[in-house]
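Heads up: the structure comes next, in structure tokens.
There are 2 protein chains.
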Amino acid sequence: MSLFKEMTELDKLLHEPARLAIMTALANCESADFTFLQSLTGLSKGNLSSHLTKLDEAGMVFIIKSFVGKIPNTNISLSGSGEDAINAHWKRLDEMRKEAKIWKPETESTV
Amino acid sequence: MSLFKEMTELDKLLHEPARLAIMTALANCESADFTFLQSLTGLSKGNLSSHLTKLDEAGMVFIIKSFVGKIPNTNISLSGSGEDAINAHWKRLDEMRKEAKIWKPETESTV
DNA sequence: AAAAACAGGTTTGTAACGCAAACTTGTTCT
DNA sequence: AGAACAAGTTTGCGTTACAAACCTGTTTTT
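These protein sequence lines map, in sequence, to chains D and R.
Counting in the numbering used here, the first sequence runs from 10 upward without gaps.
Counting in the numbering used here, the second sequence runs from 10 upward without gaps.
Encoded structure:
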């Protein structure tokens, strides 16, 4: 498939800025708390919560709710496929950037 | 600003896959026809049209409608700020990718 | 010469999305 | 007891991306 068609078909679940940040952060932690992720990304709680729900529904993350002492704690980590997906996403972006640099139109539809 | 906050704040106008493709293609042409862009990206006409309208409203592209003989022709090219913006966007993505690779959490919020 | 098909786009309709404000549930402080 | 706080979730709403339907003029078919 051509570079630009491929570009239009980038996975929006991962490409969306907030989720890209979440997934990229998680790729560098064994796991992270909700609160830690919130301060890291600066997202509002509501916003973070709904992004995490989406990622969870897509099987990208594991979400474990428990209690640390008496305080509820939500711990998030990447699933295996989530880790593969975010790594592949960044790799594809990088490849596209490089391909784009050398791409030239072939036809005379261009001026 | 921290890496991940910056990531959540990526410009969505440019980051959206279809527009990323359009802008990246245009960055490598002097200009391109509507039809050429359509075949390049595989977008539907309606979809391409509305993305171009958004880019135009944001001052990212110039859109010139004319006639080539009797056939109407819509020609699209990057504005100066559009060119700067798409180049900067790719550059930031690349920087983020590199920064992300070496980033490690500092706190013990992580396991 | 009408009608049908086509070229080149634009407008409309709609389901999904991203976001923050409001709400919930339980805890600690006074 | 009650006020304030912590940790999330749900709700509500304006915006978006997308394709189907539409429009305007041209060319081809009959």
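Positions of the beta carbon are idealized from the N, C-alpha and C atoms, including for glycine.
query	result
Chain-ordered residues of the stretch 73–102 of chain D with a beta carbon less than 7 Å from chain R	Trp99, Leu102
Beta-carbon separation (whole angstroms), Ala30 of chain R vs Thr50 of chain R, contact threshold 8 Å	5 Å
Reference Glu39 of chain D, options D:Ser86, D:Gln47, D:Met16, closest by Cα	D:Ser86
N-terminal and C-terminal residue of the beta strand (DSSP E) that Asn84 of chain R is part of	80–87
Ile72 of chain D - partner residues in DSSP beta bridges	D:Ile85
Which listed residue (R:Leu57, R:Met69, R:Met32) has its alpha carbon closest to that of Thr44 of chain R	R:Leu57
C-alpha gap between Glu18 of chain D and Glu25 of chain D, whole angstroms	13 Å
Pick from R:Trp99, R:Lys21, R:Pro114 that is closest to Arg28 of chain D, judged by C-alpha positions	R:Lys21
6 Å CB neighbourhood of Phe13 of chain D in its chain, flanking five on each side removed	none
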